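Chemist: In the working numbering, the protein residues as written are 1247 to 1418.
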């Protein structure tokens, strides 16, 4: 079988991880995985963050979308229906499927190395502390965490620009 190496961003990383954890026969196909600005359930640990998250969820439901570009948190709008589960995970602090499957402890059993790259200026979708906590769910020394501004990557990246910017294209 061919070995695949994945480079993902945000919800794309979550989607791939959920697929792999639900279909463990696919795990041997993956050689390595890079997660840019990826976290599922740790963006609202404090009351003020939860209130902001609830407000964002409500406004997004009214609009039917998350205006990512206008809010400076992404390069495009996202459907509320896509983001509603992400809002719920962050409001509850649990990365759990609607059927009760708990993804967070399952991350400890990934058999391939993961590099998690975090944007130092991401303040909403995948803040550094949230990315770090998500990364800590992985188990093993083969995994690595890299925060922009440390480890050879310049500071000043936001959620979208960590992967989709001219500077990122040159540096990362």
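A virtual CB, placed ideally from N, CA and C, is assigned to each residue, including glycine. Model, not experiment: these values are computed from the prediction.
(1) Which residue from 1310, 1250, 1405, 1298 puts its Cα closest to that of residue 1272?
(2) Quick check on residue 1282: does DSSP put it in helix, strand or coil?
(3) I'd like to know whether the C-beta of residue 1298 is nearer than 8 Å to at least one C-beta of chain D.
(4) Under the DSSP definition of a beta bridge, which residues are partnered with residue 1349?
(5) Return the first residue and the last residue of the alpha helix (DSSP H) that residue 1293 is part of.
(6) On the CB-based measure, 16 or more other CB atoms within 10 Å of its CB, does residue 1347 come out buried or exposed?
(7) Keeping to the same chain, check which residues put their C-beta closer than 7 Å to that of residue 1417; ignore five residues upstream and five downstream.
(8) Beta-carbon within less than 8 Å of residue 1326's beta-carbon, same chain only, minus the 5 sequence neighbours each way: which residues are those?
(9) Would the C-beta of residue 1282 count as close to the ligand PLP, meaning under 7 Å from any of its heavy atoms?
(10) Classify residue 1355: buried if its beta carbon has 16 or more other beta carbons within 10 angstroms, exposed otherwise.
Modeler: If we stick to the structure as given:
(1) Ranking the options by Cα distance to residue 1272, first place goes to 1250.
(2) Under the three-state reduction of DSSP output, residue 1282 falls in the strand class.
(3) Any reference to chain D falls outside this structure, which holds one protein chain only.
(4) Bridge pairing for residue 1349: absent [DSSP].
(5) Following the DSSP letters along the chain, one finds residue 1293 inside the alpha helix (DSSP H) bounded by residues 1293-1309.
(6) The residue is exposed, with fewer than 16 neighbouring Cβ atoms inside 10 Å.
(7) So the qualifying residues of the chain are 1399, 1400.
(8) Correct list, in chain order: 1306, 1307, 1309, 1310, 1311, 1312.
(9) The ligand PLP is not among the ligands present in this structure, which contains no ligands whatsoever.
(10) Exposed, because fewer than 16 other Cβ atoms sit within 10 Å of the Cβ of residue 1355.
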